[in-house]
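J.: Provided herewith is a single structure, encoded as structure tokens, for subsequent inquiry.
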Ligand code: BGC
Ligand code: ZN
Ligand code: ZN
């Protein structure tokens, strides 16, 4: 079968034939891949720059792909032929309690594996076999945008945890929702857009920031979902007020964190989701002391598991109805597998999500 293959640590990507026996499979449900999504992680892998990238034991190559949509070809368990499904991309270490309870996002040994990233073949191939435990059913009517459920799952988990952590204070507003809480989203890429949609769905006031003017598409999206945009090209001095949540959805240099910290409100949360590939930042003790006096929480956020994929599916179904213009704009390009190396090697202007079709 055809597969999209990389060599972790070196630059390059190719579509090539692999033998069914030489790639990893994980269970009894045979899933035929319909499409894959591409994200920044895939491109870092292709550039040979992803530091956590690792091939499965015994070889130096890895099947790429952690965003996938497929259709069941050989049924097993609750999965029937023709069910549209999406795989959970991170799998547990099999040792720690969190992993044993389906929460590999909080693995305590660090020995989890990630499809198409570390120690586990990914989903950019014609078909593979999986365990029902790791498959999520895609509801009818959202097949065209369902690929977004993977990145969105990471964000569902993140917003859930921010809300959970804030149970430490009286944080809901006088209408019982989060409508008086202000969130600042750093970055207006696919992650910035999706987390803004999610925060709006949880009633937060949302300001999205990037170091440039918004594109026309971004402008239309933020209007429809009711988010404000702030151009930070000249810094943050004009940014008004403080924020209860600051969510880093960018890979901007770490100094951005340093610059933004003074804008955190009392009892605020700084969500660290996007990580810059390199760079340095300094925090002096007075700034840290201020954070402590303000009761700020800094939260490391990565990866979503099955319950978060399910939340993501529900939100995508809802958003198709409430924000149709936005949901129609999120997939900016669909290419055939043979063109995958090209779209994996550079990011197009105005790109939000690119899909590869099998
Ligand atoms: C994936 C996450 C994963 C992370 C770190 C992201 O691109 O969406 O699920 O945990 O990369 O490898
Ligand atoms: Zn990703
Ligand atoms: Zn674990």
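Residue numbers (the working numbering): 19 to 376.
Using N, Cα and C, we set each Cβ at its ideal position, and we do this for glycine too.
Could you check if residue 304 belongs to the surroundings of ligand 1, using beta carbon to heavy atom distance under 8 Å?
T.: Residue 304: no, Cβ never under 8 Å from ligand 1.
J.: Counting pairs of Cβ atoms below 8 Å between the stretch 148–161 and the stretch 29–46, do you hit three or more?
T.: Yes: at least three Cβ pairs fall under 8 Å.
J.: Alpha carbon to alpha carbon, how far is residue 91 from residue 315? Give it in angstroms, no decimals.
T.: If I take the Cα positions, the gap works out to 46 Å.
J.: Are the stretch 330–339 and the stretch 22–41 touching, with three or more C-beta to C-beta distances below 8 Å?
T.: No, the stretch 330–339 does not touch the stretch 22–41.
J.: Once you ignore the five residues that flank residue 131 on each side, which residues in its own chain have a CB closer than 7 Å to its CB?
T.: Correct list, in chain order: 109, 137, 138.
J.: I need the DSSP call for residue 130, collapsed to helix, strand or coil.
T.: In this structure, residue 130 counts as coil in the three-state DSSP scheme.
J.: Quick check: the Cα distance between residue 74 and residue 359, rounded to an integer number of angstroms?
T.: Going by the C-alpha atoms only, they are around 21 Å apart.
J.: For a minimum of 3 consecutive residues, which ranges assigned as the beta strand (DSSP E) are wholly contained in the stretch 294–329?
T.: The stretch 294–329 contains these whole beta strand (DSSP E) runs: 315–318.
J.: Check whether the Cβ of residue 168 sits closer than 8 Å to any heavy atom of ligand 1, and report yes or no.
T.: At least one heavy atom of ligand 1 is nearer than 8 Å to the Cβ of residue 168, so yes.
J.: Please report the straight-line C-alpha distance between residue 22 and residue 58, rounded to a whole angstrom.
T.: Going by the C-alpha atoms only, they are around 16 Å apart.
J.: For the beta strand (DSSP E) that contains residue 32, what are its first and last residues?
T.: Looking at the DSSP string, the run of the beta strand (DSSP E) that includes residue 32 is 32–35.
J.: Run through the DSSP bridge pairs and tell me what residue 153 is partnered with.
T.: For residue 153, which the question treats as bridged, DSSP gives the partners 105.
J.: How is residue 267 classed by DSSP in three states: helix, strand or coil?
T.: Note: residue 267 maps to coil in three-state DSSP.
J.: Is residue 366 a contact residue of ligand 1, with contact defined as CB to any heavy atom under 8 Å?
T.: Residue 366: no, Cβ never under 8 Å from ligand 1.
J.: Helix, strand or coil for residue 336? Go by DSSP, reduced to three states.
T.: Reduced to three states, the DSSP call for residue 336 is helix.
J.: Buried or exposed: residue 245, going by 16 or more other Cβ atoms within 10 Å of its Cβ?
T.: Buried: at least 16 other Cβ atoms inside 10 Å.
J.: Where do the ends of the alpha helix (DSSP H) carrying residue 241 lie?
T.: From DSSP, the alpha helix (DSSP H) with residue 241 extends over 234–243.
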